[in-house]
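Structure record follows, encoded as structure tokens.
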Amino acid sequence: MSRAVVALGANLGDTASTLAEAVAEIRALPLTRRVVCSDPIESVAITASGPDPSKPGYLNAVALVETQLAPTVLLRALNDIEARHGRVRLERWGDRTLDLDLIVYGGVTSDDPRLTLPHPRAHERGFVLVPWAQADPGAQLVGHGRVADLAARLLGEGR
Numbered sequence: 001m002s003r004a005v006v007a008l009g010a011n012l013g014d015t016a017s018t019l020a021e022a023v024a025e026i027r028a029l030p031l032t033r034r035v036v037c038s039d040p041i042e043s044v045a046i047t048a049s050g051p052d053p054s055k056p057g058y059l060n061a062v063a064l065v066e067t068q069l070a071p072t073v074l075l076r077a078l079n080d081i082e083a084r085h086g087r088v089r090l091e092r093w094g095d096r097t098l099d100l101d102l103i104v105y106g107g108v109t110s111d112d113p114r115l116t117l118p119h120p121r122a123h124e125r126g127f128v129l130v131p132w133a134q135a136d137p138g139a140q141l142v143g144h145g146r147v148a149d150l151a152a153r154l155l156g157e158g159r
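First residue of the sequence shown? That's 1 in the UniProt record's numbering, and the numbers climb one at a time after it.
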């Protein structure tokens, strides 16, 4: 079994129900034994030009997933869950019914354009770090340090 970290986010529709349903669908994946989800948090929408409080706010959470699915297979399953919830990829960082990002997968590193691991912007995203630290207080992000410390630094900077 490997531990994967999946970030969940939504800012369109019934976001709380969508996140709960997505977690249930992740729990139902084959070769997946345990899924622990953080409490959801609210965050400001991030667009290509930066934070945009005029956009609908996000509800975010992080799921810790113990699975035997290969990283690319897990990513494909996450993309299928997004599609079932109406995810449409029209613009980068646009509004969405559901966003599922694979943040880390065990100790795997990858520079593949389809799957970069660890996620290249996780260390600068409070909406990933804060719930991740809540779900796993001792978590480390390879190359960046303790997740709780990274989250505290971002919160101290007002991000």
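All residues carry an ideal CB built from backbone N, CA and C; glycine is no exception.
When the five nearest sequence neighbours on each side are left out, the beta carbons in the same chain lying within less than 6 Å of the beta carbon of A151 are those of L129, V130, A133, in order along the chain. Counting along the chain, the unbroken alpha helix (DSSP H) around N79 starts and ends at 71–84.
DSSP, reduced to helix, strand and coil, places A63 within a strand of the structure shown.
I26 sits close to A63, with the two beta carbons spaced by under 8 Å.
Sequence-distant partners of G86 (beyond 5 residues in either direction) whose C-beta falls short of 6 Å from its own C-beta, in its chain, are T97. Looking from the CA of L141, the closest CA among D112, Y105, L115 belongs to Y105.
A residue is called buried once 16 or more other Cβ atoms fall within 10 Å of its Cβ, and S38 is buried on that count.
Ranked by how close their Cα comes to the Cα of A70, the residues R146, R3, T15, G143 have R3 in first place.
As the crow flies, the alpha-carbon of L29 is around 10 Å from that of V23.
Taken atom to atom, the span from the alpha-carbon of E124 to that of V5 is near 16 Å. Short of 6 Å from the beta carbon of P51, and not among the five residues preceding or following it, lie these beta carbons of its own chain, in chain order: V44. I81 and D99 have their alpha carbons spaced roughly 9 Å apart. When DSSP assignments are scanned along the stretch 91–115, the uninterrupted stretches of beta strand (DSSP E) that are 3 or more residues long and fall wholly within it turn out to be 99–105, 110–112.
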